[in-house]
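S.K.:
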Amino acid sequence: MAWAGVHTIVNTSRVRTCGIHMQETASCLVRNSPGYWILCYHSKPPSLSEAGDDVIISSVAGLKIFEANPDTKRLYDDLLSNYNRLIRPVMNNTETLTVQLGLKLSQLIEMNLKNQVMTTNVWVEQRWNDYKLKWNPEEYGGVEMLYVPSENIWLPDIVLYNNADGNYEVTLMTKATLKYTGDVSWKPPAIYKSSCEINVEYFPFDEQSCIMKFGSWTYNGAQVDLKHMKQEAGSNLVAKGIDLSDFYLSVEWDILEVPASRNEEYYPCCTEPYSDITFNITMRRKTLFYTVNLIIPCVGITFLTVLVFYLPSDSGEKVSLCSSILLSLTVFFLLLAEIIPPTSLAIPLLGKYLLFTMILVTLSIWITVCVLNVHFRSPSTHNMSPWVRQVFLNWMPRILMMRRTPYSTPEYDDTYMDSGYTNEIDFSFPDSVSDYPLELKGSPDGFESVTSQYKNIREDDARHIPHASVTDSENTVPRYLSPDVISALKGVRFIAQHIKNADKDNEVIEDWKFVAMVLDRLFLWVFTLACTAGTLGIIFQAPSLYDTREPVDQQLSGISPRNYMYPNIEISPEG
Numbered sequence: 080m081a082w083a084g085v086h087t088i089v090n091t092s093r094v095r096t097c098g099i100h101m102q103e104t105a106s107c108l109v110r111n112s113p114g115y116w117i118l119c120y121h122s123k124p125p126s127l128s129e130a131g132d133d134v135i136i137s138s139v140a141g142l143k144i145f146e147a148n149p150d151t152k153r154l155y156d157d158l159l160s161n162y163n164r165l166i167r168p169v170m171n172n173t174e175t176l177t178v179q180l181g182l183k184l185s186q187l188i189e190m191n192l193k194n195q196v197m198t199t200n201v202w203v204e205q206r207w208n209d210y211k212l213k214w215n216p217e218e219y220g221g222v223e224m225l226y227v228p229s230e231n232i233w234l235p236d237i238v239l240y241n242n243a244d245g246n247y248e249v250t251l252m253t254k255a256t257l258k259y260t261g262d263v264s265w266k267p268p269a270i271y272k273s274s275c276e277i278n279v280e281y282f283p284f285d286e287q288s289c290i291m292k293f294g295s296w297t298y299n300g301a302q303v304d305l306k307h308m309k310q311e312a313g314s315n316l317v318a319k320g321i322d323l324s325d326f327y328l329s330v331e332w333d334i335l336e337v338p339a340s341r342n343e344e345y346y347p348c349c350t351e352p353y354s355d356i357t358f359n360i361t362m363r364r365k366t367l368f369y370t371v372n373l374i375i376p377c378v379g380i381t382f383l384t385v386l387v388f389y390l391p392s393d394s395g396e397k398v399s400l401c402s403s404i405l406l407s408l409t410v411f412f413l414l415l416a417e418i419i420p421p422t423s424l425a426i427p428l429l430g431k432y433l434l435f436t437m438i439l440v441t442l443s444i445w446i447t448v449c450v451l452n453v454h455f456r457s458p459s460t461h462n463m464s465p466w467v468r469q470v471f472l473n474w475m476p477r478i479l480m481m482r483r484t485p486y487s488t489p490e491y492d493d494t495y496m497d498s499g500y501t502n503e504i505d506f507s508f509p510d511s512v513s514d515y516p517l518e519l520k521g522s523p524d525g526f527e528s529v530t531s532q533y534k535n536i537r538e539d540d541a542r543h544i545p546h547a548s549v550t551d552s553e554n555t556v557p558r559y560l561s562p563d564v565i566s567a568l569k570g571v572r573f574i575a576q577h578i579k580n581a582d583k584d585n586e587v588i589e590d591w592k593f594v595a596m597v598l599d600r601l602f603l604w605v606f607t608l609a610c611t612a613g614t615l616g617i618i619f620q621a622p623s624l625y626d627t628r629e630p631v632d633q634q635l636s637g638i639s640p641r642n643y644m645y646p647n648i649e650i651s652p653e654g
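Taking the numbering used here, I'd label the letters of the sequence shown as residues 80 to 654.
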């Protein structure tokens with residue numbers, strides 16, 4: 080910090096009343112008398128080594144010149160007593176005043192994507208020559224430099240054209256430095272909110288290029304000619320147009336390029352050109368935060384879609400899983416809408432990926448419903464066509480490396496079914512009496528009566544049973560069972576036939592279930608390939624992933640967080 084006035088020596092005892100214990104290089108502001116402030120230093124300047132521990136006192140610029148420096152006070156009065164700060168400092172009104180402009184970036188405070196505003200902390204360095212502020216140092220005790228309030232001299236009305244806030248000009252009026260040659264240097268700090276056109280096409284692997292356009296609001300190019308401080312003759316471009324020596328590294332952005340250019344632009348209001356200096360800041364986003372909090376969860380949700388086809392259809396949770404994934408993607412869409420600006424010029428990279436995932440989930444729901452429909456088919460509702468059986472039961476399982484467990488059905492004896500008795504039951508009985516399991520009592524007449532009784536029944540049944548015959552031989556027993564036994568045997572036959580038909584139906588049902596399994600396995604591979612190809616194809620579109628440029632802020636910045644916290648600590652290579 081610079082201070083006006085010339086140092087003078089006083090005895091230390093005269094300022095001990097300030098009650099401040101001062102160490103080496105320490106300073107204090109002491110009120111000496113009404114209207115007077117003095118700055119106390121405890122140091123040993125090389126030119127004043129004989130002063131020992133005396134205190135050096137100088138007047139504070141902007142408050143009042145210390146009476147012990149009459150040359151500086153007289154110079155200040157002579158320069159500004161008749162000075163008009165409203166008039167452009169040129170000897171001839173047709174002359175062009177050259178103003179050199181530079182920008183020192185101190186901090187990139189914020190990049191608001193939604194509002195498209197970049198907030199920066201900068202020092203606006205301006206230099207020009209004011210012929211009315213020249214003096215001869217020999218006439219003023221060798222004073223070659225003076226610090227004066229900037230409100231008391233002429234200042235170029237340099238404003239930020241693309242300002243997004245209410246203050247276009249510098250609000251903090253710091254002191255200006257005057258040299259005896261008339262050169263004026265003014266370096267006010269400012270916090271600017273500049274509008275920046277955000278390109279969200281590759282978000283979050285994006286690069287942004289924001290400009291800060293400075294120019295005179297009142298004077299045209301013939302009155303005030305703006306030039307960059309590092310601009311060379313014959314060229315309007317400066318490769319490193321922003322000073323990054325005091326830049327605090329950003330945690331979100333890497334600065335890649337900081338060129339500056341001088342431009343002349345004609346406006347409809349005027350015939351003269353207006354010159355401006357445009358500073359371009361090219362930034363690349365540090366993607367670690369968005370990779371961990373957005374990209375990885377989205378990729379995980381995308382591959383959850385594949386598991387829908389691995390979940391068995393009998394679980395009944397396939398559609399529920401798809402719906403849950405779709406709901407999760409909706410939440411991510413809402414988060415994305417809160418971050419990026421509502422632009423229709425481009426779809427962000429992350430938005431493309433979420434849209435791709437949502438399409439996959441929608442297709443998976445549709446396919447899952449179709450697979451469930453196939454899984455629960457039965458012979459009573461659908462007949463399996465031959466081509467379905469050939470494709471999904473023979474060809475596709477081999478291609479998909481699926482092996483089906485054989486379905487075993489119970490074996491049945493179809494001898495009676497093949498004998499022509501389809502509607503009735505035909506049973507064979509012993510032909511001889513000795514083989515017939517009956518205990519007969521009484522005379523042969525009794526046997527004959529029984530035989531005749533059986534004969535009559537057989538004749539009656541022969542009319543209803545095909546191919547039935549009744550024998551009259553007395554040496555044989557008629558083939559006949561009671562109606563109750565026949566009814567029971569018919570029931571057994573019906574149950575057996577029903578079980579056989581049920582087994583055939585189960586076989587067809589198992590075929591439909593296997594077709595559904597083949598479809599699930601087919602779409603499992605299809606969606607796996609689609610998710611992998613889509614993820615790699617969309618994410619690797621970002622050019623910043625292949626950008627190997629070294630950030631210039633890390634090269635040019637002289638501020639390191641460690642050096643800032645421990646400025647006097649040196650670390651040896653041995654640790």
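C-beta: ideal position from N, C-alpha, C; glycine also.
#1: Pull up the CB-CB distance for Asp599 and Phe388, whole angstroms please, since I reckon it's below 8 Å.
#2: Can you tell me where the beta strand (DSSP E) with Pro228 in it begins and where it stops?
#3: With three or more C-beta pairs closer than 8 Å as the rule, is the segment 601–620 touching the segment 373–389?
#4: Applying the criterion that 16 or more other CB atoms from any shown protein chain within 10 Å of the CB defines a buried residue, is Gln205 buried or exposed?
#5: Could you pull the DSSP bridge partners for Lys583 from this structure?
#6: Three Cβ pairs or more, each shorter than 8 Å: is that satisfied between the segment 189–197 and the segment 337–348?
#7: Helix, strand or coil for Pro268, going by three-state DSSP, please let me know.
#8: Pairing CB atoms from the segment 320–334 with CB atoms from the segment 256–269, are three or more of them under 8 Å?
#9: Can you tell me where the alpha helix (DSSP H) with Arg477 in it begins and where it stops?
#10: Start and end of the beta strand (DSSP E) containing His307?
#11: With DSSP as the reference, label Ile188 as helix, strand or coil.
#12: List, from N- to C-terminal side, the beta strand (DSSP E) runs of 3 residues or more that fit wholly inside the segment 302–360.
#13: For Val398 and Lys365, what's the separation of their Cα atoms in angstroms?
#14: Would you call the CB atoms of Ser392 and Leu451 closer than 8 Å?
#15: Starting from the C-beta of Gln310, find all residues in its chain whose C-beta is less than 7 Å away, skip the five residues before and the five after it, and write them out in chain order.
#16: Return the CA-CA distance between Asp584 and Asn372, expressed in angstroms with no decimal places.
#17: Confirm, please, whether the CB-CB distance from Met437 to Leu601 is below 8 Å.
#18: Check the C-beta distance from Leu192 over to Ile277 and give it rounded, since I have them as a contact under 8 Å.
#19: Taking Leu158 as the reference, give the member of Asn148, Val227, Ile380, Gly220 with the closest Cα.
#20: Would you identify the three-state DSSP class for Ile638, choosing helix, strand or coil?
#21: Please classify Trp445: does DSSP put it in a helix, a strand, or coil?
#22: Whole angstroms are fine: how far does the CA of Pro630 sit from the CA of Gln620?
#23: Cα separation between Ile446 and Leu414?
#24: Using three-state DSSP, classify Met437 as helix, strand or coil.
#25: Between Ile418 and Phe358, which are expected to be in contact by the criterion C-beta below 8 Å, what is the C-beta distance as a whole number of angstroms?
#26: Which one or two residues does DSSP pair with Gln287 in a beta bridge?
M.R.: Reading from the atomic positions:
#1: Within the sequence shown, the letter at position 520 stands for residue 599. Within the sequence shown, the letter at position 309 stands for residue 388. With a Cβ gap of about 5 Å, Asp599 and Phe388 count as contacting.
#2: As a first step, residue 228 is located in the sequence shown; it is residue number 149 there, counting from the start. Note, Pro228: beta strand (DSSP E), 224–228.
#3: yes
#4: The residue labelled residue 205 in the question sits at position 126 within the sequence shown. The residue is buried, with at least 16 neighbouring Cβ atoms inside 10 Å.
#5: Start at 1 with the first residue of the sequence shown, and residue 583 comes out as number 504. Looking at the DSSP assignment, Lys583 forms no beta bridge with any residue, so it has no partner.
#6: no
#7: If you number the sequence shown from 1, residue 268 lands on position 189. In this structure, Pro268 counts as strand in the three-state DSSP scheme.
#8: no
#9: Residue 477 sits at position 398 when you count from the first residue of the sequence shown. Counting along the chain, the alpha helix (DSSP H) containing Arg477 begins and ends at 475–478.
#10: Taking the first residue of the sequence shown as position 1, residue 307 is located at position 228. His307 -> beta strand (DSSP E) spans 303–307.
#11: Along the sequence shown, one-based indexing puts residue 188 at 109. Strand, per DSSP.
#12: 303–307, 332–336, 339–344
#13: Numbered from its first residue, the sequence shown carries residue 398 at position 319. Numbered from its first residue, the sequence shown carries residue 365 at position 286. The C-alpha of Lys365 is placed about 38 Å away from the C-alpha of Val398.
#14: Here residue 392 refers to the residue found at position 313 of the sequence shown. Here residue 451 refers to the residue found at position 372 of the sequence shown. Result yes, Cβ atoms of Ser392 and Leu451 sit closer than 8 Å.
#15: Locating residue 310 in the sequence shown gives position 231, where the first residue counts as 1. Excluding sequence neighbours, Gln310 sits near Val317, Arg341.
#16: Within the sequence shown, the letter at position 505 stands for residue 584. Within the sequence shown, the letter at position 293 stands for residue 372. If you take the alpha carbons of Asp584 and Asn372, they lie about 52 Å apart.
#17: Locating residue 601 in the sequence shown gives position 522, where the first residue counts as 1. Locating residue 437 in the sequence shown gives position 358, where the first residue counts as 1. Against a cut-off of 8 Å, the Cβ pair of Met437 and Leu601 comes out as no contact.
#18: For the purposes of this step, residue 192 is taken as the residue at position 113 of the sequence shown. For the purposes of this step, residue 277 is taken as the residue at position 198 of the sequence shown. The Cβ separation is near 5 Å, so the contact holds.
#19: As a working note, residue 158 is residue 79 in the sequence shown. Of the candidates Asn148, Val227, Ile380, Gly220, the one whose C-alpha sits nearest the C-alpha of Leu158 is Val227.
#20: The residue given as residue 638 occupies position 559 in the sequence shown. The answer is coil: DSSP assigns Ile638 none of H, G, I, E or B.
#21: Taking the sequence shown and counting its residues from 1, the one referred to as residue 445 is at position 366. Three-state result, Trp445: helix.
#22: The residue given as residue 620 occupies position 541 in the sequence shown. The residue given as residue 630 occupies position 551 in the sequence shown. Rounded to whole angstroms, Gln620 to Pro630 spans 21 Å at the Cα level.
#23: The sequence position of residue 446 within the sequence shown is 367, counting from 1. The sequence position of residue 414 within the sequence shown is 335, counting from 1. So the alpha carbons of these two residues sit roughly 29 Å apart.
#24: Indexing the sequence shown from 1 puts residue 437 at position 358. Met437 falls in the helix class under three-state DSSP.
#25: Sequence index remark: in the sequence shown, residue 418 carries index 339 (1-based). Sequence index remark: in the sequence shown, residue 358 carries index 279 (1-based). Their Cβ separation, rounded to whole angstroms, is 26 Å, which puts Ile418 and Phe358 out of contact at 8 Å.
#26: Taking the first residue of the sequence shown as 1, we reach residue 287 at position 208. Its beta-bridge partners are Met362.
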